[in-house]
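As structure tokens, the structure follows; a few thoughts come after it.
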Amino acid sequence: MKQEIIDKLKAIVGEENIRTDPADRYIYGSDSSVHVANADVVLRPRTTEQVQAIARLANAEKIPIIPRGAGSGMSGHAVPIDGGIVLDMKRMNKILEIRPEDTLVKVQPGVVDDDLNRALKPYGFMFPPAPASSRIATIGGEIANNASGIRSVKYGATRDSVLGMKVVLANGDLVNLGANTRVEASGYQLDRLMVGSEGTLGIIVEATLKLVPIPKYRCIGIAKFDKLEEAGEAICDVISSGAQPSMLELMDNIAITAVNNTLDMGLPDVEAILLFEADGMVKEAVDFEMERIKAICEKHNGFGIEMSYDAKERARIYAGRKKLFASLSRYKEGYACTSLADDMAVPYSKMAETARKIHDVADKNNIIMTAYGHCGSGVMHTKILMDPTKKEQWEDARRAVEEIYDYVRSIGGTTSAEHGIALSKAPSWKKEKADQLDLMRAVKKAFDPNNILNPHKLMDAPDDWVTATKLRYPVEK
Amino acid sequence: MVTKYIDSWKDELNICIRCAYCFAGCPIFKELGWEVDGARGKVELAYGLLMGEFEPSQYIADKLFQCTFCKDCIEQCSANVSVPDIVTAIRSDLFEAGYTYPGGEKLLADIKETGNIFGEKLKPPEYTEEKQVLLGCRLLERKEDSTRYLELLKKLGVEPKTFDETCCGMPFAVLGDKKGFAEQQDKFRESLPNKDEELICVCTTCIFFIQKKYPDLKATYVIDVILEKLRNYTGEIKKLGKKVTYHDPCNVARGMDMVDEPREILDMIGVELVEMPTKGKQAECCGGGGGLLATDNPLAEKLAEKRMKQALDIGVDTLVTLCPTCEFNIGNVSKKNGGKLEVKNLLDLIYEAVV
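So the sequences go chain by chain: S and H. With the first sequence counted from 1, adding 13 to any position gets you the working numbering. With the second sequence counted from 1, adding 7 to any position gets you the working numbering.
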């Protein structure tokens with residue numbers, strides 16, 4: 014990047030909020046995906062006006078801008094494929110207004126999910142999406158990715174909790190999208206369009222979020238299954254019965270073994286575990302839901318069922334699931350957990366079949382894959398465990414990713430449930446959305462005619478994710 | 008740069024999935040805010056240097072030496088990636104490539120010359136009884152306090168034997184001086200009156216480090232010894248009636264999994280404990296570890312100031328801890344800020360209640 018541009022950017026954010034060292038450019042070019050590409054410059058804006066000024070300059074000079082929250086995305090969302098400006102939004106982290114009377118909160122994008130929920134607790138409210146990364150995930154990142162988590166079965170994804178937002182457009186204009194009200198009937202719902210747009214349409218500088226009351230009672234349960242299919246049938250039955258779990262999670266045997274290997278948690282050596290939870294303001298209502306779910310699990314040969322309201326017990330029962338993602342890296346020596354084919358949504362009735370299919374594809378392609386996820390919402394997660402230093406393993410992974418998503422589409426599922434598309438899921442997603450890609454490109458052009466906002470993501474991502482960027486692993490030549 | 012030490016951590020660097028969960032409690036990240044300052048950033052720096060993604064520089068060395076080894080990153084990491092070990096390895100490579108610190112260099116030179124971090128030949132109070140007791144550099148400098156702690160042990164039925172101590176070598180290890188550490192390890196072993204007998208360690212840093220780096224020694228922590236004695240003590244234990252907060256030292260809570268024991272002792276001696284917002288394994292670091300006091304003192308003091316304010320905010324005027332470095336760092340900052348917070352070692356309170 015030309016020194017003249019760097020100097021102008023420095024004048025906008027101040028010397029202490031700009032970094033051009035190669036080490037910073039590398040670090041800000043990586044996230045929790047397999048991708049890495051160096052940024053040219055990293056900026057930490059503190060105000061909306063600074064974001065606007067940066068956008069104006071970048072738009073005039075046609076320099077990419079990549080907004081970044083915690084950089085915890087698994088598909089390469091914040092990886093600056095063409096370099097450019099990485100906009101670290103973590104310093105814009107003020108909770109601007111808590112309005113319990115309107116059940117809403119206004120925040121800057123860098124507010125961390127857990128920090129927000131800690132601030133809301135005294136008011137008796139919560140912001141419910143609850144991704145596993147809530148301890149570090151920023152609200153801006155959650156909106157851009159439409160994140161969700163364990164409680165999406167009851168409370169929905171981020172999209173369901175966003176009322177409105179302020180967004181800086183590619184040309185530096187500031188727009189107010191959505192409303193401060195629970196409902197807004199007409200016109201194009203551009204705020205909704207922003208959610209899940211992965212930083213390609215605008216830079217979120219403020220969000221108005223809908224709150225829900227913190228439930229007074231919360232009970233968690235665990236059921237073991239000797240057959241994965243039976244756990245899958247139980248999931249389908251729980252949801253179709255009309256039961257209202259606030260969490261319904263599946264862990265397969267690979268996930269169980271990984272957690273036991275890493276954390277010595279003593280999870281039972283069975284084919285599958287279901288974790289379920291109900292919450293509410295009235296204990297009898299929670300009891301009713303829990304008993305209903307328990308009976309369904311038993312009907313499908315679930316056994317060893319434990320249920321508890323006690324906070325410590327709940328934490329113990331849930332600990333294995335909470336720590337699963339990174340634990341997968343310890344499943345087998347020499348193997349690492351790569352964020353590939355990490356996320357999909359499938360119809361409830363296909364949950365068990367999908368889990369089996371994932372294992373079959375893994376066996377066929379010399380890799381290991383696990384099946385787990387927020388199955389109550391139809392979310393299935395997996396990861397590819399492989400030796401990331403071996404070139405042939407990347408070919409194996411490429412085939413596996415393609416086969417998994419071909420299958421997902423064939424059963425009426427979708428490529429991403431909550432982890433997003435960005436780079437590594439884009440080839441499959443583009444197949445799924447083939448009839449809409451031109452429309453999406455037209456929308457992108459309307460918002461960002463110079464294609465400066467997080468370019469080459471989603472519909473514009475390269476067709477081969479393996480070569481889309483340098484891989485973050487030391488792959489042998 | 009030759010990367011012989013970090014090379015053995017290559018697999019571990021691949022195990023890290025870069026999820027960033029280690030941002031959550033990293034004191035350096037929370038203070039400075041750039042990703043390079045956080046635990047994941049340090050892992051990425053190590054990886055980048057190993058793979059030649061960028062060249063070593065003083066800036067990178069500065070960032071890698073800004074770590075307190077508080078171990079919160081390990082606590083947050085579901086894959087149990089030991090970031091402090093990775094940081095130690097890459098610091099060693101940087102050290103051998105010539106990246107050192109004026110403060111760090113002086114510290115290591117002082118230890119080489121005198122066996123003590125203060126650059127003075129310090130002798131412990133003379134006790135010639137039965138059990139070997141290692142006071143550690145910081146307590147050697149506090150002779151009156153050390154005498155009280157040794158008297159406390161005597162009162163509880165442990166007859167101490169002090170000796171001409173030399174540093175356990177921790178500063179060499181954390182600052183990346185592998186050769187210096189090997190030499191100091193030999194000196195430390197030689198200084199022990201009996202390598203096969205129990206060695207009671209009073210300093211939290213020494214005990215954590217010795218248990219890790221000298222697995223052949225029978226090192227025990229003074230608090231384990233005292234707690235066992237107190238549980239069976241038939242003499243009078245005065246109820247002190249004070250109101251204090253307790254600061255969990257990183258090496259004690261996260262390093263040795265000791266959270267309840269100090270609180271049990273506070274309860275035994277009738278002290279009202281008011282907890283700070285972060286405690287136990289989630290307790291925030293005082294900033295004194297990892298050599299930061301030597302390599303970036305202003306940053307170490309900023310972190311101590313945060314902890315001091317947390318204590319004052321909950322309405323106490325006394326902070327009790329176990330680590331002499333925490334005591335020094337928070338105590339020093341408190342003095343600079345008008346001395347509103349008194350910082351005491353738990354051993355002083357036990358002494359007051361028992362002796």
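All residues carry an ideal CB built from backbone N, CA and C; glycine is no exception. Treat the numbers as computed from the prediction; the structure is a model and nothing was measured.
Judged by DSSP in its simplified three-state form, Phe125 of chain H adopts coil rather than helix or strand.
For Leu182 of chain H, the three-state secondary structure derived from DSSP is coil. The beta carbon of Ile371 of chain S sits closer than 7 angstroms to the beta carbons of Met382, Ala384, Thr395, Ile417 from its chain, once the five residues preceding and following it are set aside; these are given in chain order. Here the C-alpha atom of Gly82 of chain S lies approximately 41 angstroms from the C-alpha atom of Glu297 of chain S.
The C-beta of Leu276 of chain S comes closer than 9 angstroms to at least one C-beta of chain H. Counting only runs of 4 or more residues that sit fully inside the region 320-390 of chain S, the alpha helix (DSSP H) segments are 324-335, 337-340, 364-377, in chain order. DSSP places Ala256 of chain S outside both helix and strand once states are collapsed to three, so it counts as coil. A distance below 6 angstroms between beta-carbons, with the five flanking residues on each side excluded, links Phe72 of chain H to the following residues of its chain, in chain order: Thr302. Relative to the Cα of Arg32 of chain S, the nearest Cα in the group S:Ala52, S:Tyr230, S:Lys15 belongs to S:Ala52. Pairing Arg485 of chain S with Ser43 of chain S gives a Cβ-Cβ distance under 9 angstroms.
Of all residues in the region 28-43 of chain H, only Tyr28, Phe30, Ala31, Gly40, Trp41, Glu42, Val43 place a beta-carbon less than 8 angstroms from a beta-carbon of chain S. Taking all protein chains in view, the Cβ of Arg195 of chain S is surrounded by fewer than 16 other Cβ atoms within 10 Å, so the residue is classified as exposed. For the region 35-47 of chain S, the residues whose beta carbon sits under 7 angstroms from a beta carbon of chain H are, in order, Pro35, Ala36, Asp37, Tyr39, Ile40, Tyr41, Ser43, Asp44, Ser45. Within its own chain, the residues whose Cβ lies closer than 6 angstroms to the Cβ of Val278 of chain H, once the five positions on either side in sequence are excluded, are Leu247, Lys249, Val251, listed in chain order. Put simply, the CB of Phe72 of chain H is far from chain S, with every gap to its CB atoms at 9 angstroms or more. Residues Ile31, Val54, Leu56, Ile67, Leu70, Ile98 of the same chain have their beta carbon placed closer than 8 angstroms to that of Leu22 of chain S, with the five preceding and five following residues left out of the count. Only residues of its own chain outside the window of five on either side were considered, and among them Leu319, Asp324, Ser341 have a CB closer than 8 angstroms to the CB of Lys347 of chain H, listed in chain order. Distance from Met357 of chain S to Val414 of chain S at the Cβ level is roughly 11 angstroms; contact not present, criterion being Cβ atoms closer than 8 angstroms.
Nearest C-alpha to Pro91 of chain H among H:Ala46, H:Ala27, H:Cys26, H:Ile118: H:Ala46. Inclusion of Leu141 of chain H and Ile35 of chain H in the CB contact set at 9 angstroms is not warranted, their separation being larger than that value. Of the residues S:Thr427, S:Val456, S:Glu431, the one whose Cα lies closest to the Cα of Glu445 of chain S is S:Thr427.
Under the Cβ distance rule, Gln317 of chain H does not count among the residues neighbouring chain S, no pair being separated by less than 9 angstroms.
Residues of chain S with a Cβ closer than 9 angstroms to the Cβ of Met58 of chain H are, in chain order, Pro487.
Annotated three-state conformation of Asp117 of chain H is helix, per DSSP. Per the Cβ contact rule, the region 347-367 of chain S is not in contact with the region 208-226 of chain S (fewer than 3 Cβ pairs under 8 angstroms). Look at the region 325-343 of chain S: the residues with a C-beta under 9 angstroms from a C-beta of chain H are Lys335, Lys336, Leu337, Phe338, Ala339, Ser340, Leu341, Ser342, Arg343.
A straight line joining the alpha-carbon of Pro144 of chain S with that of Ile163 of chain S spans about 7 angstroms. Nearest in C-alpha terms to Asp292 of chain S, of all of S:Glu114, S:His90, S:Tyr230, S:Asp101, is S:Tyr230. In this structure, the beta-carbon distance from Ile465 of chain S to Pro93 of chain S does not fall below 9 angstroms. For Arg131 of chain S, the enclosing alpha helix (DSSP H) covers residues 126-133.
Under a criterion of Cβ atoms nearer than 9 angstroms, no residue of chain H is adjacent to Ala52 of chain S; the nearest Cβ is some 11 angstroms distant. Beta-bridge pairing by DSSP links Val232 of chain H to no other residue. Nearest to Cys26 of chain H by C-alpha distance, out of S:Leu341, S:Asp461, S:Ile269, S:Pro401, is S:Leu341.
Near chain S, meaning a CB-to-CB distance below 7 angstroms, no residue of the region 114-141 of chain H qualifies. Listed along the chain, the chain H residues whose CB falls inside 7 angstroms of the CB of Ile149 of chain S are Ala27, Tyr28, Phe30, Ala31. Residue nearest to Val180 of chain S within the set S:Asp461, S:Asp476, S:Val488 is S:Asp461 (criterion: CA-CA distance).
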